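A.B. asks: For what it's worth, UniProt numbering labels the leading residue of the first sequence as 1, then goes sequentially.
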Amino acid sequence: MGRAPCCEKIGLRRGRWTAEEDRILLNYIHLHGEGSWRSLPKNAGLLRCGKSCRLRWINYLRSDVKRGNISTEEEDTILKLHAKLGNRWSLIASHFSGRTDNEIKNYWNSHLSQKITASSTVKNKKPRKRKTTLRSPEKQSTINPSATAGGEVTHDSSDSRGQKETTKLIDFDPTVMLPATNHAKEDVTDNMINCSSSLSTNDSGQVNEVEEDDMMMTWPWEMSSTEEVGVDVDVQKQDAMIAWLLS
DNA sequence: AAACGACTCAACCGCAGTACT
DNA sequence: GAGTACTGCGGTTGAGTCGTT
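Shown next as structure tokens:
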């Protein structure tokens, strides 16, 4: 899209994924697990680059991806987190179950950034009346892994002309779904604890860089957290951090 | 009904960080 | 330590959608 493909990608498919490609990728990951993205397309028989497969899985095919309108509560949380964290979308997304960084980023760029710009400037562009989309469900290409009691995974997709196709992808037991990756959540804690500089906000909500020398050894959210025996410390730290950010 | 343009969002890219040799 | 491979992230693009004229 606009840029020259890297040399490796010559001969590989690009652009929108087809239902068949989704099926192949989903089947492969179900059998072998996610990871090894570089070799995955070759092993799975997909004419896609590993990056593309990873992106498709993370943003679309994963079982825990929540699709649909972002609620006002979620929007509020995004605003608060963005004020604290800036454009660290993966970090922000990790606070939402089922929301991807790409989705948060898109939502920010299309909705919230405009909202903020509009509220901070006197001249207000007349808002365009438009259905808060997310394309209507029947027009979205969606995977609904938890759809049926029998664990049947279906793929509803439609092309640009609204032609819908539903493909049964695989049969599997939903109770043995692949474990949702928790890397993002771990990263939240790790990043915030290990980073050499941090972000803070001033009274006007602007994000400031905090120099390393000024950093406390204990993070604010850690001050009030009490560690429970038998509970993952990282999870506790993360919860404390989220509570602090949202406070 | 058609044309136009704003808007959305899936997918691409380059780069940085990490792991491995 | 240097070089290479791999992974993940944030910025950007553009095809498709939908409201307005």
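Yeah, the Cβ is synthetic: ideal placement off N, Cα and C, and Gly gets one too. In this text the structure is predicted, and so the values were computed from the model without any measurement.
Any chance you could list the beta strand (DSSP E) runs of at least 3 consecutive residues sitting entirely within the stretch 33 to 59, in chain order?
C.D. replies: none
A.B. asks: Taking 6 Å as the limit between beta carbons, can you name the residues of its chain near residue 101, skipping five residues before and five after?
C.D. replies: Within its own chain, the residues whose Cβ lies closer than 6 Å to the Cβ of residue 101, once the five positions on either side in sequence are excluded, are 89, 90 and 93, listed in chain order.
A.B. asks: Pick from 56, 51, 83 and 99: whose alpha carbon is nearest that of residue 74?
C.D. replies: 99
A.B. asks: Determine the contact status of residue 56 and residue 21, defining contact as a CB-CB distance below 9 Å.
C.D. replies: yes
A.B. asks: Mapping DSSP to helix, strand and coil, what is residue 102?
C.D. replies: helix
A.B. asks: Counting only the same chain and skipping the five closest in sequence on each side, list residues whose C-beta sits under 7 Å from that of residue 105.
C.D. replies: 89
A.B. asks: Inspect the beta-carbon positions of residue 96 and residue 72 and report whether they are closer than 9 Å.
C.D. replies: no
A.B. asks: Can you tell which of 24, 69 and 50 has its C-alpha closest to the C-alpha of residue 35?
C.D. replies: 50
A.B. asks: Excluding the 5 residues flanking residue 45 on each side, which residues of the same chain have their C-beta closer than 7 Å to its C-beta?
C.D. replies: 24
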